[in-house]
Structures are given as C-alpha cells and as structure tokens.
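Okay, structure first, notes after.
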Amino acid sequence: MGGKSEPAKSESMATKPDLLNTSFFSFKSLKLKTKQQELLLRISILGLVYILAFIARLFSVLRYESMIHEFDPYFNYRTTLFLTEKGFYEFWNWFDSESWYPLGRIIGGTLYPGLMVTAALIYWTLRFLRFFVHIREVCVLTAPFFASNTTLVAYFFGKELWDTGAGLVAAVLIAICPGYISRSVAGSYDNEAVAIFALLLTFYLFVKAVNTGSLAWALASAFGYFYMVSAWGGYVFIINLVPLYVLVLLITGRYSMRLYIAYNCMYILGMLLAMQIRFVGFQHVQSGEHMGAMGVFLLMQVFYFLDWVKYQLNDTKLFQTFLRITVTSAILVGGVAVGVGTASGYISPWTGRFYSLLDPTYAKDHIPIIASVSEHQPTAWSSFMFDYHILLFLFPAGLYFCFKRLTDATIFIVMYGLTSLYFAGVMVRLILVATPAVCLISAIAVSATIKNLTSLLRTKQKVSQTGSTKGAGSSKASSKVTLDQSQPFQKNGAIALLVGVFYLLSRYAIHCTWVTAEAYSSPSIVLAARGAHGNRIIFDDYREAYYWLRQNTATDAKIMSWWDYGYQITAMGNRTVIVDNNTWNNTHIATVGRAMSSYEDEAYDIMRSLDVNYVLVVFGGVTGYSSDDINKFLWMVRIGGGVFPVIKEPDYLVNGEFRVDKGASPKMLNCLMYKLCYYRFGELTTEYGKPPGYDRARGVEIGNKDIKLEHLEEAYTTSNWIVRIYRVKPPTNRL
Amino acid sequence: MMNLSRSVALISLFLLPLLSFSFSVDNPTDRRVLVLLDDLSLKSSHSIFFNTLKSRGFDLDFKLADDSKLALQRYGQYLYDGLIIFAPSTERLGGSLDSKSIADFVDSGRDLILSADTSASDLIRGIATECGVDFDEDSTAMVIDHTSFSVSDVDGDHTLIAADDLVKSDVILGKTKIEAPVLFRGVAHSLNPTNNLVLKVLSASPSAYSANPSSKLSSPPQLTGSAISLVSVMQARNNARVVISGSLQLFSDRLIRSGVQKAGSPNQYEKSGNEQFVTELSKWVFHERGHLKAGSLVHHRVGETDEPAIYRIKDDLEFSVEIYEWSGKSWEPYVANDVQVQFYMMSPYVLKTLSTDKKGLFHTSFKVPDVYGVFQFKVEYEKLGYSTLSLSKQIPVRPYRHNEYERFIPTAYPYYGACFTTMAGFFVFSFVYLYHK
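Chains as they are written, first to last, in full-length UniProt numbering: chain A, 1 to 735; chain B, 1 to 437.
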C-alpha cells in the first residue's frame, strides 16, 4: 500500500533529521541514481537513529556508573547470573530458598524468562566471539540495545502503515521519546526493556500478515507473540487488542480471507507457544483475560462457515433464516459455555490487576498492595506532557490523517493508540505501552504535514530552491514560472509552517535530552542531591547497607524489611528475605506490615515466628529523602490491616491526618516502624537553627525522642542514616 | 582450714589455664565454686553441706561477701564455675560485684545457689528477682504454718516448718525418695508468673502463710498457702541452673542433724531430710545430674548416607540424633521414649517420636510432606529437671523438577489417542481431498 514512495517524499523526510547529510550525499554521490540515493539516505538515517537511540540511554552510565537500577532489575540480574552460571535447566527448575522465607519461591515457574534468556544469549554470543565481558555489563546495556532495535521495528511499522517517510519519523520519535526512555535507560534491566520491542514487533508482523494474507507473516507474528509472552505479563494487552481489532474489522465489514489466515494462524500457534511458558501455562485457555481471544476465534469460524453456506445456498431468504438460527445458537452456546466454565471454576475470573485497569478506582478499594505502588497510580496530566511533549498535540493530528486514509493497518494503529492511551491514563507505568502508538501516529502527522508542505514548495516554488538543491531541476523549474495569485501566500505559509514544524521538533529533541539527562537516568539506588554550593552530593547508602549485610551477617540470616527492598537485599546482600517485590503472597506481606505497625513486644513474637535476625528500615529524615518507610508506612498499615483486622488505620492517624510530631497518635509514636526509624534520632541536629530531632523529609520535629528498644538493638546505620539495620535479640536468658 | 582454702585458691590460680577447660561441654560438672559468706562462722555451722561438696571434688573458695578483692572474672575469663551466696544480710558485695555481674555470671552458663533468710537485704532480693522469684516484701516476715510445723520447734511460734511437699522429679532430687520432712525456717517467696523457667522444689503446705511471728496480724498476709515456695530452682535458657532458698538454716548442720516429727504425724525420724535434700539439690545444680548433650542432627535420604543440600517433596528420609546424659563422671546413653522431631515450617508438618537403640542414638524415618518451602528439623526437648535441648537445622524442600513427573500416565491415553487420530484423520482427509476427483 504505502510502500511505493517517490524520491521527493523521502528527500523531504531526510531533510528533517539531518539536513547536513542530505547535501553532503547529494554532492558527493551525484553519480548515484535517485532510487539509490534515497536508499542510501534511508539506511544512513536509520543507522544514525539506531546509534542515537543507544547513546541517549547512556546518560545514566555517564552520570553514575554502569550499574543495575531500581528494584526489579536486581532480581532480573540475579536470575540472569544464575542462568549463565548454572545453565537453562537449573534455571527452569530453580527453587529459591532465599526469598519469601520460609515459603520459598519457585523462580523458574513464576517469572517471564524472556529477558534473562535474551541477556544470557547475548552474553554467550559475546563470549563465543571472544569478548570477555561481565554479565552485568550485558544486563546494563540490554535495554538500550533493544531500544535501538525498537526504532527499526518502528520504521518498518511506519512504512507498513503509511510510507517510508512516516517510518523514518517514527523511528526518530521513538528513539528519544521520554515515555520509552524512562524504562529503557542503561541499567534499567527490566522486562519492559525487551517487551516493548516484542510488543511492537508482534503488532507489526500481525499488521503485515493482515495486509498480505501470508501464512509466513502470521507465523512470524505468532513467534513475536511468543517472545512477548516470554518477556512480560503485558502480553495480555496483545491477546486482547488483536481480537478486538479483528472484531472491529468484522463489524465494519472488512472481513477478508487475509484477516482469517492472519488471525487464526497467529492465535492458535501463539497460544500453543505461549503455553510453553511455565508462568502462563493453562492460564492461556482458562483465565478470563484470555477468553475474548478465544471467543473471536470461534466467531471467525462462524463467519467463515456462514460465508460458505451463503455461497452454497445461493438463496438470500433461506440464508437469512439460516443466519438468524446460527447466530442465535452460537451466541447461546457461547454464553452457556462461559457461564458454566465460570461457575465450575474452570475459567478463572479476572485478576485484580485486570480489574484495576478497567476501573481505576478498583485497586484503591480492594487491593491495597496494587494501589500502594507509585507506578500504579493514575497518571497526572503533567506526566503526559513530560513523557510525550509535542506528541500529545501531534497525536490527534495523526488520528485525523489515519481516519482520512482508513485501511486495515490504520484502523489497527488507531485502536492501539486509543486503547493504550486509556490505559496510560489509568496507570502511570502504562504510558510505556502507549508510547509506540503515540510515536507512530504522531509520525504520520509529521510526515504527512511535511510532505504536503514540501510538495507545495516543490511544485510551485522551484524557482527559489533551484540553486541550493538540484542543478538538474533548475532549467525545468525556471520554465514553469506561471504564478498563481495565491502562490506567494501559499509559499510563505508553507515555509512558515515548515519552520514551525522544525521548531517544534527541535524543541522536542531538546526536551527529550533534558528529561533523559535529568529525570530518567537516576538509578534510584544511588541518590544524588545538590549541595549548598551547587555541587553534586551522592548518597550511596543503600549499597553501603547491603554490603554491610553481606560482610557482617551469618550466611543464613533472615532479613525483614518492607517488600520494596527484598530484591535488592537478596541480590546485593545475598541474604534471605521474608518478602520481596514479587508480591505473590499477600498474607506474608501483611504479616510483615503487621509487625512493622505493632508495638515492639507484639512485633517481637511475629519476628520470632519468622526466624527474623535483622530488620532493615529506610529512613529519610536526615537527608530529606521522601520515599522512605515512614512515608510508606500507611500502606503497611493498610495492607497489614487488610488481613489482620487488629491493625486499624485510624489508630495511626489524628483527625485523618498522618503525622509524626508531638501531635501524632500514641500508637504511631510507639509502633515498631516509628521506633526503628527514629531511634537515637532525637539526639541529632539535622539542620542549623532547628531543634534536635528535626525530620527533614517531613519538616517537623519528631514527637518521641526518647526511644528505648527492648528486643532489638541497632546493628548498623549508614553514613546518611538512609538505611538502618537492627539486630533481633534472642529471648532473655532468665525469663 | 583457712590455709587449706588459700592453698586451694593458689593452686587453682596456677592451674587456671587448665582449669578453665574444666567447665566445658564435655565435662559439664562445675569444679571451682566461690562461696560468699557474710560471716566466716557459717563455714563451720554449715560444714556438713560444704564437706559433701568437697568430698565430691569441688574446690570451694570461701570469701567474705564484702571482701574488697572479690572478683568473678579476670581478663574476661571467669574464675569460677559456680557460686554459692550464703550472705543474706549483705547490702553490698565487695570488689566489683553487684547484682548485674551475678546475673551476667548466670547468663554465661554458670550456676548459682542463693540463700536468703529473714531480713534479707535488697541486694539478695534483687538477685532473686533477676532469677524470677520474689521474696516477701515485708522484711520481718517468716513462713508460719500452724499445722505442718516441726514438733521440735521450741519457740512455739511454728516457724520451723517440716515440709514434705517436694517436686516429683528423680532428676532434681535423686532416685532415693526423701522420706523425712525437710526442716525450714526462713522467708517465703513466690514465683514470677510470667517466668516459665522457674519452678518450686519445696513448697509450703496449704495452711502456711507469711507474716511476722512476733507481732499480731493486722491485715491478711500477702503470701499464703501453696503459693509460697520455700526452695525454688530456675534453669535458664542456656542451661545455667539456680537454686533459691528462703532459708539459710536449711543448709545448716543443726537442722541437718536434728530429728524431725511433723505435727500431727505419728512418724518420727532420727534425722531430717535436709542432708539428702541439699546434697541431691547441689548435685543437680552443679550439673552432676540431668545434663543432656546432643550430637548434631543427621538426616539423609533413605538409602544414602550423605546429607543433601535440598530435599524434594515426597522424598523418604532418615533422621537421627545422638543424645547422651552426663552421669557426673562420664557420658552415658540417654534412654527415653519421648524425644520428638518436628519437620517445621511456621508450624510442624511432621511430628514424630524418635525411637532409641539404647546406645544414645535416636532415629526415625518419614516422608517429606507434599509442601515446598524452607523447613527445619527441630528437636526441642524440655523435660523437668533435664537441661533443655533445642536443636534445629534448616533444609529447603523443592518441588518436582520438570523431568521428575511421571511420563505416561494412564489417564492421559485418551488424549494421546485423540492426538494421533486427529493427525491420521487430517492426513487421510488431505489425501482424499487432493486426489479424489
């Protein structure tokens, strides 16, 4: 469809990303034919974009060091290390006794292995080629590498949707879009790093399959889907969006043999492949989230069957009756099947996460553990602006162009864009899923606009451009000096608009670079702050604490902390934790939440029953670090209270207000978390001119300065007090 | 006597490097005992008790309680294995000793005999409180019993008690039954109800009460009846043993030698039960009896000998542990039919009584439950009088590996059949469709 592009089009496209290149190549390689020139340009632009996408993500390495970021990536890193050391079968059957003590976790069966296997394959390949890199470097650079690959996919997708120009613009936009960079900087070794690549690849291959009706593309798309399933739980989005898309095509009367082949092949093979992933397994045919795909699959067969019957019958009236009977009975059978399946428990109901996607308020009321995660919060407008910048305005324009030229492919991208944008509004982290769609649709807008404008300039304003671009065109252009009345205005308008577009795009590039450098490159395990003289201060307390644990505690010591730090403790401290970021057991987390929000002697019994040796808390009162355990404390109370009704949230609040100063509730002032965070804090002067015990994170003087610990003792506090570790004492000898 | 004790102290000083090994896991009986007296005349008035100790091989080091050179440890090493405090009226201990250092002495696994008496000092009360018993707060009060007093009580105020309510434990009080009542004159104490390590060895009769015998009762007594303990023992979590007696006279030659007849009882005894009581009690408190030791927990799969790093669910395993009892001279196999092992993860999934081969080896075998997780083998043996055994060993239990499931199960044959018929059917269909004209 949009594959045939004239040279002029790509020329205009090429001017945008690197104007220099254009002139450079056009002068140097005059001998090349226009087609070849265009190809060369396209390849060089893609090559540059590929590199750009990679290096833009290296800010974090430059600013900090080559390290794994945040929380989940530490788990991924640990498992990758295990995979490269022990091999695939050990990894597949790995039972981890170091986390979720004493329950343990079957890691092989509860993760998406795609990321680890990818990194291990890269690692083994590099080793085979005699590059002796450390696995950590591979893990750190996996995300940028896959972001680069995503730009290529975006190019091909754009080409499939619109034309090569749109593809190139899409590649550039997605290469530096902050919404994507936020999760794919070097060191952000998370599932999403490869999953977005897999997601876009699957969509591209599916659209290609629908466009061509080729079994081969459908098969490729099934394998893309398999890779996506192996990499991220977000594959549910694919398996719901694709059937929805098919349904829309069916309803709008765009049913075709191409669609039939593409969807059936992709669904059946994709399903069989997906079931090979242990974590998914039979969920793919049994859980509520996957039922839509199956329903559409069956509907497709009914459609095909009806088509066949219609062809056989050759009698409209008879067919109408037949149609009525068939459709009614099909719906009836389907309804009964779903009803019976749900009632008998064969079809599992929708999970909480799925519900909270459809209903943004669901998690808040029912599943505090989902609502407690900051990246699961509804998105603020500012973060849309932050992550998309001009794309936010270009997106509707792109939609307009899509609707103007409605094809099977553009219908797909419109649906992808609209649904994912809705989900992005529900949860902050899902901005990531919407980013490729937003980039593609915006690219269509940019590409189409520039193409229109340049064609205006080209056909009617050749005079002004003869000298600069092509010597060959000058004689032709000068012969056509038939000016319309509207021409000067059109010309000026077009130029002004072009300048405007370039201005916008350059602002976008500047914004993206700034956001990447300032906001999205922080590893969050090492904190940076500006000192009084504008110098950069690094707080490396987390690693200090984890290495302390590694060096100074017994190898089988059990560490209790809030679940956020579980992965880091096991990966860096190499110690057993009670709960971690894989929040699979709500009761266990609630037990820890209960211990943290109980009085010390009650908490001591809980800790004894869990064989806890050390308790780790994160405290930002000295540094003003706001995402510490005191600020997370209400969630501990809520999650603990959700399972153990003895913990009641109002006990910790005063008039519905959460405070830690003198006006705080007595239960708050004496619960374990408060004691552990503020132990000996009353002696410390944190800020000049403030009383001792002034909490800089909350800006108040604490209410309980005289904290005595009975069953615990301070074992270690990091240099900036961010991490505090306490040892649980054995029971008294004589009591 | 003085010279002897001094030379003993001197010798013990020379032999210190050697002796510091005397109290060890291999030989738990105490050897060096410090005796703190508030009056050196107690040495002769309580000589029978001290001589029984000496004859059993203890080195007694007599010191005045306010001796300024008093020290329990030197250079971080304890000089004594046991401590006898017969100084009820001492307000302050000499040297660097105080109630905290006595508590630390117990917490280091060493033993203590503490005897109070009427008008016991705050120091003694403090030490007793640390060990879980509270003496009657009224410093003039004594135990009075108008029904089970000794008829030899000449004063007539019924403070010389003939007590026969002894704890029923062969381990604490020896196999030979103490026939004669034990004579007691002193202060009452009660056990701290929150402390479950302390227990009464000699209790008062239900008719006893604690009051000042020389004054009239103005208010009901604080402590009455069998809530009153006369002699208590406490075994700490680290198996340090403590005897607390409310009467110093209990150990005295006078009461040991005196005959006894309980009021209202026709039985008259030539000699009170005191000697047997204090001797047996001192054997227990100084670990000559009732001290158990366990070897490490041994476990392996049935048919193997090496301990695995991890078990699989439904593995059959064998578990064994060796337990020995100290006889005072050597380690003898411990024989009992109530030692249990738990296979524990937050709660015991398996609880089995171990069978013994009478040579000290306790063993059993069981199947790992169908639950994965980090389990512990736990042997928690707490038996009256015996030292506590609390052993645990962590072992993870993993689920089946992907290739450990049964391969061809009969129930799956319909599926195999369906699979192959579909394949065959498709082949036939294709063939017919393509070549049938």
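We treat Cβ as the ideally placed atom computed from N, Cα and C, and that holds for glycine.
Please read these numbers as outputs of a predicted model, since none were measured by experiment.
Original post:
glycine 87/A: which of Pro113/A, Val210/A and Val296/A sits nearest, CA to CA?
Top reply: Sequence index remark: in the first sequence, residue 87/A carries index 87 (1-based). That would be Pro113/A, whose Cα lies nearest to the Cα of glycine 87/A.
**OP:** Whole angstroms is fine: what's the gap from aspartate 605/A's alpha carbon to aspartate 387/A's?
**Re:** Within the first sequence, numbered from 1, the residue matching residue 605/A stands at position 605. Within the first sequence, numbered from 1, the residue matching residue 387/A stands at position 387. Roughly 47 Å separates the two Cα atoms.
Subject >> Contact with chain B by arginine 727/A, beta-carbon distance below 7 Å >> reply: Indexing the first sequence from 1 puts residue 727/A at position 727. So no, arginine 727/A is outside the interface.
**OP:** Spatial neighbours of tyrosine 372/B within its chain, please: CB distance less than 7 Å, with the 5 preceding and 5 following residues excluded, ordered by chain position.
**Re:** Translated into the one-based positions of the second sequence, residue 372/B becomes position 372. Once the five neighbours on either side are set aside, the close Cβ partners of tyrosine 372/B are Ile313, Val397, Arg398 and Pro399.
Original post:
Nearest chain B C-beta to tyrosine 101/A closer than 7 Å, yes or no?
Top reply: Looking up residue 101/A in the first sequence gives position 101. So yes, tyrosine 101/A belongs to the interface.
Subject >> threonine 421/B at chain A interface by Cβ criterion, 7 Å >> reply: If you number the second sequence from 1, residue 421/B lands on position 421. So, not an interface residue.
Original post:
Of all the CB atoms in chain B, is at least one closer than 7 Å to the CB of phenylalanine 95/A?
Top reply: In the first sequence, residue 95/A corresponds to position 95, counting from 1. Interface residue, yes.
Original post:
Quick one, which residues of the stretch 221 to 249 of chain B are near chain A if we go by CB-CB under 9 Å, in chain order?
Top reply: Met234, Ala236, Arg237, Asn238, Ala240 and Val242
Subject >> Cβ-based burial, glutamate 96/A [other Cβ within 10 Å; buried from 16] >> reply: Numbered from 1 along the first sequence, position 96 holds the residue referred to as residue 96/A. Before going further, note that residue 96/A is aspartate rather than glutamate in the sequence given. Result: buried.
Subject >> Within chain B, the residues that serine 230/A reaches when beta carbons sit closer than 7 Å >> reply: The residue given as residue 230/A occupies position 230 in the first sequence. Neighbours of serine 230/A on chain B: none; closest Cβ ~16 Å, over 7 Å.
Original post:
Apart from the five residues just before and just after valine 414/A, which ones in its own chain have a Cβ nearer than 8 Å to its Cβ?
Top reply: Within the first sequence, numbered from 1, the residue matching residue 414/A stands at position 414. Counting only Cβ-Cβ distances below 8 Å, and skipping sequence neighbours, we find Leu399, Cys402, Phe403 and Ile441.
**OP:** With a 10 Å radius around its C-beta and 16 neighbouring C-beta atoms as the bar for buried, classify cysteine 139/A as buried or exposed.
**Re:** Locating residue 139/A in the first sequence gives position 139, counting from the first residue. Looking at its Cβ environment, which holds 16 or more other Cβ atoms inside 10 Å, cysteine 139/A is buried.
Original post:
Can you tell me whether DSSP reads aspartate 111/B as helix, strand or coil?
Top reply: Residue numbering aside, residue 111/B sits at position 111 when the second sequence is read from its first letter. Looking at aspartate 111/B - three-state DSSP - the assignment turns out to be strand.
Original post:
Counting contacts by CB-CB distance shorter than 7 Å, is methionine 142/B in contact with chain A?
Top reply: To locate residue 142/B, count along the second sequence from 1; it is residue 142. Judged by the 7 Å Cβ criterion, methionine 142/B is not in contact with chain A.
Subject >> In chain order, each alpha helix (DSSP H) run of at least 4 residues that lies wholly inside the stretch 331 to 389 of chain A >> reply: 352 to 358, 362 to 366, 368 to 371 and 381 to 388
Subject >> Backbone CA spacing between threonine 469/A and leucine 32/A [nearest angstrom] >> reply: Indexing the first sequence from 1 puts residue 469/A at position 469. Indexing the first sequence from 1 puts residue 32/A at position 32. The predicted model places threonine 469/A with a pLDDT of 42, which falls under 50 and marks its position as unreliable, so this point remains unresolved.
Subject >> Residue environment, threonine 29/B, which counts as buried when at least 16 other CB atoms sit within 10 Å >> reply: Position 29 of the second sequence, counted from the start, is the residue given in the question as residue 29/B. Per the 10 Å Cβ criterion, buried.
Original post:
Anyone know if the C-beta pair for serine 169/B and leucine 384/B falls short of 7 Å?
Top reply: Sequence index remark: in the second sequence, residue 169/B carries index 169 (1-based). Sequence index remark: in the second sequence, residue 384/B carries index 384 (1-based). Yes, Cβ-Cβ distance for serine 169/B and leucine 384/B is below 7 Å.
**OP:** For proline 650/A, count neighbouring C-beta atoms within 10 Å of its own C-beta (all shown protein chains included) and say buried if the count is 16 or more, exposed if not.
**Re:** Against the first sequence, residue 650/A aligns to sequence position 650. Burial call: exposed.
**OP:** Compute the Euclidean distance between the alpha carbons of glutamine 235/B and proline 193/B, then round it to the nearest angstrom.
**Re:** For the purposes of this step, residue 235/B is taken as the residue at position 235 of the second sequence. For the purposes of this step, residue 193/B is taken as the residue at position 193 of the second sequence. Going by the C-alpha atoms only, they are around 15 Å apart.
Original post:
Does the stretch 549 to 566 of chain A come close enough to the stretch 201 to 217 of chain A to have 3 or more Cβ pairs within less than 8 Å?
Top reply: no
Subject >> For serine 45/B, the three-state DSSP class (helix, strand or coil) >> reply: Translated into positions along the second sequence, residue 45/B becomes position 45. Helix.
Subject >> Euclidean distance between Cα positions of isoleucine 106/A and phenylalanine 82/A >> reply: Translated into the one-based positions of the first sequence, residue 106/A becomes position 106. Translated into the one-based positions of the first sequence, residue 82/A becomes position 82. Going from the Cα of isoleucine 106/A to the Cα of phenylalanine 82/A covers about 14 Å.
**OP:** Within its chain, find whatever has a CB closer than 7 Å to the CB of valine 426/A; leave out the 5 residues flanking it on each side and keep chain order.
**Re:** Residue numbering aside, residue 426/A sits at position 426 when the first sequence is read from its first letter. Leu357, Pro360 and Pro378.
**OP:** Identify whether cysteine 671/A lies in helix, strand or coil by the three-state DSSP scheme.
**Re:** Here residue 671/A refers to the residue found at position 671 of the first sequence. In this structure, cysteine 671/A counts as strand in the three-state DSSP scheme.
**OP:** Under 7 Å between beta-carbons, which chain B residues line up against glycine 104/A? List them in chain order, please.
**Re:** Numbered from its first residue, the first sequence carries residue 104/A at position 104. The answer, in chain order, is Tyr372, Gly373, Val374 and Pro396.
**OP:** For isoleucine 84/B, count neighbouring Cβ atoms within 10 angstroms of its own Cβ and tell me buried if that reaches 16, exposed if not.
**Re:** Here residue 84/B is taken as the residue at index 84 of the second sequence, counted from 1. The residue is buried, with at least 16 neighbouring Cβ atoms inside 10 Å.
Original post:
the UniProt domain "OST48 middle" (299 to 437) of chain B: which residues have C-beta closer than 7 Å to a C-beta of chain A, in chain order?
Top reply: Met345, Met346, Tyr372, Gly373, Val374, Gln394, Pro396, Arg398, Pro399, Arg401 and His402
Original post:
CB-CB under 8 Å to leucine 13/B, same chain, minus the five flanking residues each way: which ones, in chain order?
Top reply: For the purposes of this step, residue 13/B is taken as residue 13 along the second sequence, with counting starting at 1. At leucine 13/B the pLDDT is 48, less than 50, meaning the model places this residue with poor confidence; the figure from the coordinates comes in the next sentence. If we look at leucine 13/B and ignore the five residues flanking it on each side, it has no Cβ neighbours.
**OP:** Starting from the beta carbon of glycine 132/B, find every residue of chain A whose beta carbon is closer than 9 Å, and list them in chain order.
**Re:** Position 132 of the second sequence, counted from the first residue, corresponds to residue 132/B. Arg734 and Leu735, listed in chain order.
**OP:** For aspartate 107/B, decide whether its Cβ has a neighbour in chain A, counting only Cβ atoms nearer than 7 Å.
**Re:** Numbered from 1 along the second sequence, position 107 holds the residue referred to as residue 107/B. Chain A contact via Cβ: present.
Original post:
Just curious, the alpha helix (DSSP H) that residue 739/A is in, first and last residue?
Top reply: Nothing in the structure corresponds to residue 739/A, since chain A is present only between 1 and 735.
**OP:** Inspect the beta-carbon positions of isoleucine 444/A and tryptophan 162/A and report whether they are closer than 7 Å.
**Re:** Numbered from its first residue, the first sequence carries residue 444/A at position 444. Numbered from its first residue, the first sequence carries residue 162/A at position 162. Yes, Cβ-Cβ distance for isoleucine 444/A and tryptophan 162/A is below 7 Å.
**OP:** Using the Cα positions of alanine 220/A and threonine 321/A, report the straight-line distance between them to the nearest angstrom.
**Re:** Here residue 220/A corresponds to residue number 220 of the first sequence, with the count starting at 1. Here residue 321/A corresponds to residue number 321 of the first sequence, with the count starting at 1. Going from the Cα of alanine 220/A to the Cα of threonine 321/A covers about 40 Å.
Original post:
Which of the residues in the stretch 194 to 215 of chain B, read from start to end, lie with their CB under 9 Å from any CB of chain A?
Top reply: Thr194, Asn195, Asn196, Leu197 and Val198
Original post:
CB of glycine 270/A to nearest heavy atom of the ligand ZN: below 6 Å?
Top reply: Absence of the ligand ZN is noted for the structure shown, with no ligands found whatsoever.
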